[in-house]
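Peer 1: When you read off a place in the sequence shown, starting at 1, and then add 38, the result is the number in the working numbering.
The beta-carbon is built from N, C-alpha and C at its ideal position, and this holds for glycine as well.
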Amino acid sequence: MSFLTLTSLQKSFGPVQVVKDFNMSIEKGEFISFLGPSGCGKTTVLRMIAGFETPSGGAITIDGKSQQNLRPNQRNIGMVFQAYALFPNMNVAENVAFGLKVAGRPKAEIDARVKEMLGLIKLDHLADRYPYQMSGGQQQRVALARALAPKPQVLLLDEPLSALDAKIRVSLREEIRQIQQQLGITTVFVTHDQEEALSISDRIVVMNAGKADQIGKPADIYNRPATRFVAGFVGTLNLIEAKVVDPAANRISIGDQGVTLREPLGNAKAGDTVSLALRPEAGSIAPDAKGDTALTGEVVSSNFLGSVIRTRMKVGESIISFDMFNSPGLVPPTVGETVTLRFTAGDLLVIRD
Ligand SMILES: Nc1ncnc2c1ncn2[C@@H]1O[C@H](COP(=O)(O)OP(=O)(O)OP(=O)(O)O)[C@@H](O)[C@H]1O
Ligand SMILES: [Mg+2]
């Protein structure tokens, strides 16, 4: 049975509906990421779960219990925000103790729990520091400990890493995931960083304009995007416009080059336009590259990105990017050069909206 359920959740601010019929069932102990662009309603959904916003419609249950008439402090939820929202006039230990103090727990229990939490985030040695004496990453770890101290049923994290620099972000997200698994706490993590979501989640909800466009495991979301929006938002997928040539035989053309798809074209008719997705790592231009399908095009740019070189080539009206792993002897293609990208027909996905 699912632990946290959102059923037909809706929210309007005045005439504007920002969350539309949002449905989600989250298992106990699951780590779910809400991934979506700015303004798609991620924070609003989180705030409704926490009780800071009242839904305009729909229901939220935790462990079978409706949350409808519960105020935020009556819900058993821990929340960490994007900005370090620590109490500036309290030291680390006092910040972590806050929720337990408010709940009126005995001092001995609070002291023990604070010690345990500081151990968990590996900041035992900074218990007496004030927020202004700590780095952003340390402050967010304290915010996490403060949220976890009262043993919430659900942990909500609203872009907790976005104010941190890239390196700390990666190490702290691993740490959050590890702590989450250690405690087995049901967690919803909001981000607009697709790599972050792909790397630490059990499942991802890709949100688009107040709705869940696709819910799935990271590899499914990446490899099998259900909609054009998901394909465009997750990863650096190529979206290619193709013309249907012979639907019965799965024949299409990209520019003037014919391709036979592995997937059926559904009820498309000859002359229809279809959108295809191709991952930049799917193909190769090496002379010995394998694959039953090839596209030839002119190189329009080639960029060194460190571990990979990303090249863009023009095929018909589409620009197709492909990646090559960097190696010392590699000679990247030059602008204007004609190259042939080889891949397996099964790598071309038909995007149906
Ligand atoms: N209190 C409010 N009154 C009116 N409109 C609001 C209010 N809160 C949010 N909105 C609007 O609702 C929409 C969704 O906002 P929300 O904060 O949920 O987006 P988000 O997905 O969290 O975006 P971001 O990634 O930028 O944080 C936005 O268009 C926002 O302007
Ligand atoms: Mg937000």
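1) Measuring from the CB of T229, is there a heavy atom of ligand 2 at a distance below 7 Å?
2) Is N129 closer than 8 Å to A165 when the C-beta atoms are compared?
3) Taking 8 Å as the threshold (C-beta atoms), are I87 and L194 in contact?
4) Assuming contact is defined by CB atoms lying nearer than 8 Å, are F360 and T349 in contact in what I supplied?
5) In the DSSP assignment, the beta strand (DSSP E) including G95 goes from what residue to what residue?
6) Using 10 angstroms around the beta-carbon of L73, count the other beta-carbons present and answer buried if the total reaches 16, otherwise exposed.
7) Give every residue of the same chain whose Cβ lies closer than 7 Å to the Cβ of V388, excluding the five residues on either side of it in the sequence, and list them in chain order.
8) Which residue comes first and which comes last in the beta strand (DSSP E) that contains T265?
9) Measure from the alpha carbon of K58 to the alpha carbon of each residue in D251, F227 and A383, then state which is nearest.
10) Given G367, which residues of its chain have a CB within under 8 Å of its CB, disregarding the five upstream and five downstream residues?
11) Please indicate yes or no: does the CB of D196 lie closer than 7 Å to some heavy atom of ligand 2?
12) In or out: L343 buried (at least 16 other Cβ within 10 Å) or exposed?
13) Mind listing, in chain order, the continuous beta strand (DSSP E) runs of no fewer than 3 residues lying wholly within the region 249-323?
14) Leaving out five residues on either side along the sequence, give the residues of the same chain with a beta carbon under 7 Å from the beta carbon of D330.
15) What residues in its chain sit with their C-beta under 6 Å from that of A235, if we drop five residues either side in the sequence?
Peer 2: Put simply:
1) The residue you call residue 229 lines up with position 191 of the sequence shown. For ligand 2, not one heavy atom lies less than 7 Å from the Cβ of T229.
2) Working through the sequence shown from its first residue, we reach residue 165 at position 127. Working through the sequence shown from its first residue, we reach residue 129 at position 91. Yes, the pair counts as a contact, with Cβ atoms nearer than the cut-off.
3) In the sequence shown, residue 194 corresponds to position 156, counting from 1. In the sequence shown, residue 87 corresponds to position 49, counting from 1. Cβ distance < 8 Å, so L194 and I87 count as in contact.
4) Reading the sequence shown from its first residue, position 322 is the one you call residue 360. Reading the sequence shown from its first residue, position 311 is the one you call residue 349. Against a cut-off of 8 Å, the Cβ pair of T349 and F360 comes out as a contact.
5) On the sequence shown, position 57 is the one that residue 95 refers to. Taken as a continuous stretch (DSSP letters only), the beta strand (DSSP E) holding G95 covers G95 to I100.
6) Working through the sequence shown from its first residue, we reach residue 73 at position 35. Its Cβ being crowded by 16 or more others within 10 Å, L73 is buried.
7) Working through the sequence shown from its first residue, we reach residue 388 at position 350. Cβ neighbours of V388 beyond the five flanking positions: L299, E301, L303, V312 and L314.
8) Against the sequence shown, residue 265 aligns to sequence position 227. Looking at the DSSP string, T265 is not in any beta strand (DSSP E), and its letter there is neither H nor E.
9) For the purposes of this step, residue 58 is taken as the residue at position 20 of the sequence shown. Cα-wise, what sits closest to K58 is D251.
10) Looking up residue 367 in the sequence shown gives position 329. Counting only Cβ-Cβ distances below 8 Å, and skipping sequence neighbours, we find nothing.
11) On the sequence shown, residue 196 is found 158 positions in, with the first residue counted as 1. It does: the Cβ of D196 is within 7 Å (strictly closer) of some heavy atom of ligand 2.
12) Within the sequence shown, the letter at position 305 stands for residue 343. Under this definition L343 is an exposed residue.
13) 249-254, 276-284, 289-292, 295-298 and 311-316
14) Looking up residue 330 in the sequence shown gives position 292. Cβ neighbours of D330 beyond the five flanking positions: T382 and A383.
15) One-based indexing of the sequence shown puts residue 235 at position 197. Correct list, in chain order: S71, L73, T229 and I242.
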